[in-house]
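Residue numbers (this note's numbering): 86 to 555. Cβ coordinates follow ideal geometry from the N, Cα and C atoms, glycine included. Take a look at the structure below.
What follows is the structure in structure tokens.
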């Protein structure tokens with residue numbers, strides 16, 4: 086490795102070094118606020134280090150990692166989301182009796198796995214990044230072991246994620262057997278001169294789709310999602326919904342666009358079917374839910390269905406639309422889960438619809454942020470969610486994917502019903518329920534998220550200037 090390699094890996098090295106420093110600090114003395122502030126500074130330092138990396142882009146570190154504009158942008162969004170999760174975790178963990186400092190160790194390791202995934206250019210780094218992320222999530226989900234459903238959710242994720250990893254690894258092995266390479270770009274070159282209908286190759290791609298489909302909660306691999314969202318601590322559910330899914334979708338995009346996956350035999354038909362079913366199943370199952378975290382879980386299933394449309398579009402329209410959608414979805418989901426985290430107390434998680442009854446009349450700012458997040462997820466104009474869906478619809482029309490475009494619009498209309506259920510509950514007559522006071526830190530975080538949602542919704546061109554030509 087040379088100096089440029091080390092410079093390109095600076096953001097990852099900062100995130101990798103942070104948990105080691107935290108462990109040494111805990112060994113000498115437990116100081117929650119010191120470790121919290123160190124974690125926050127480390128994430129910010131990793132984010133800012135990309136300014137020094139950008140002039141040397143694109144840069145490939147051996148055959149394992151590639152640091153390009155795609156990596157820099159999505160890694161920055163992942164680090165921003167991790168910063169928000171860190172801030173929310175402080176409010177959530179502050180009054181926990183013990184072992185709260187270790188949470189940040191696991192958070193850094195999970196974020197490192199996500200950053201490796203975004204930069205992966207090889208099956209080895211893809212699998213290592215995915216397993217680093219997954220193993221960390223097992224621990225994070227069951228971290229509050231005395232919480233209802235927490236251990237159950239952790240064990241369920243452990244079992245199902247292990248099965249999905251087995252499918253993914255077996256699929257990689259079959260592709261390697263057929264092509265003789267683990268590097269995405271070399272596989273693309275080899276596939277250009279071979280037969281796409283080779284059964285061994287098709288089975289390999291199919292198994293990879295199963296493994297990644299589980300991580301993205303695509304139908305029919307979605308059944309874990311509502312239980313995990315409900316059972317996990319709120320900051321952890323926030324991390325899963327934003328950082329984890331964003332990282333997996335990033336490597337999914339890189340792999341299939343590198344190998345021109347939309348030309349593979351039956352690939353279009355399979356992805357189309359999964360996208361359609363994910364849209365409808367996610368939205369229809371969300372309609373009858375009374376638990377807000379489960380509503381957001383089923384909503385995430387339908388949103389991943391929308392995102393699959395960009396895989397089928399391909400070309401100049403597909404990649405920018407996909408990146409914009411990932412960024413908009415992360416900001417919007419951070420807003421929704423941020424409100425849940427700030428309204429949750431040591432004794433009670435604010436996750437049922439009735440917990441938000443009359444919120445507007447007692448905490449108008451919090452109700453406004455939650456309303457904005459719901460409207461953005463529904464795709465209402467002037468929000469990030471609207472512009473992200475608009476670009477996907479535009480790209481779909483340009484590629485003549487009429488069935489998917491009509492289904493996306495129809496499902497967006499269906500989703501308005503259950504999002505407005507949440508909004509109407511906040512504006513209903515208040516009861517005697519008391520809402521916790523929101524700290525300055527919490528209000529500041531929500532303010533940044535509001536700026537992001539409105540900024541992406543009103544001025545989307547600045548982000549498209551960054552991602553043009555990807």
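- Per DSSP, residue 550 is not a residue of any beta strand (DSSP E); the alpha helix (DSSP H) it occupies stretches across 546–552.
- Residue 97 and residue 439 have their C-alpha atoms some 42 Å from each other.
- Taking a cut-off of 8 Å on C-beta distances, the stretch 438–457 touches the stretch 502–512, as three or more cross pairs fall below it.
- The secondary-structure analysis by DSSP pairs residue 144 across a beta bridge with 152.
- Leaving aside the five residues that flank residue 306 on each side, the residues in its chain whose CB is nearer than 6 Å to its CB run, in chain order, 298, 299.
- Collapsing the DSSP output to three states places residue 517 in coil.
- Apart from the 5 residues on each side of it in sequence, residue 317 sits with its Cβ closer than 6 Å to the Cβ of 226, 238 in its chain, given in chain order.
- Shown here for residue 324: same chain residues with a beta carbon closer than 6 Å to its own, the five before and five after excluded, namely 170 in chain order.
- Counting C-beta pairs with one atom in each stretch, the stretch 215–229 and the stretch 188–198 have three or more that are closer than 8 Å, which means they touch.
- The Cβ neighbour count for residue 124, taken over all protein chains shown within 10 Å, is at least 16; the residue is labelled buried.
- In this structure, the beta-carbon distance from residue 99 to residue 111 does not fall below 9 Å.
- Beta bridge pairing from DSSP links residue 205 with 150.
- Listed as beta-bridge partners of residue 268 by DSSP are 207.
- The beta-bridge partner set that DSSP reports for residue 368 is empty.
- Bridge pairing for residue 376: 437 [DSSP].
- Ranking 537, 133, 289 by CA distance to the CA of residue 258 puts 289 first.
- By the criterion of a C-beta distance shorter than 6 Å, residue 207 is surrounded in its chain by 148, 149, 267, 268, once the five residues flanking it on both sides are discounted.
- Inter-residue distance for residue 421 and residue 291 is about 34 Å (C-alpha atoms, whole angstroms).
- Judged by their CB atoms, residue 474 and residue 425 are not nearer to each other than the 9 Å cut-off.
- Sequence-distant Cβ neighbours of residue 417 in its own chain, meaning closer than 7 Å and more than five residues away, are 458, 461, 462, 469, 470, 538.
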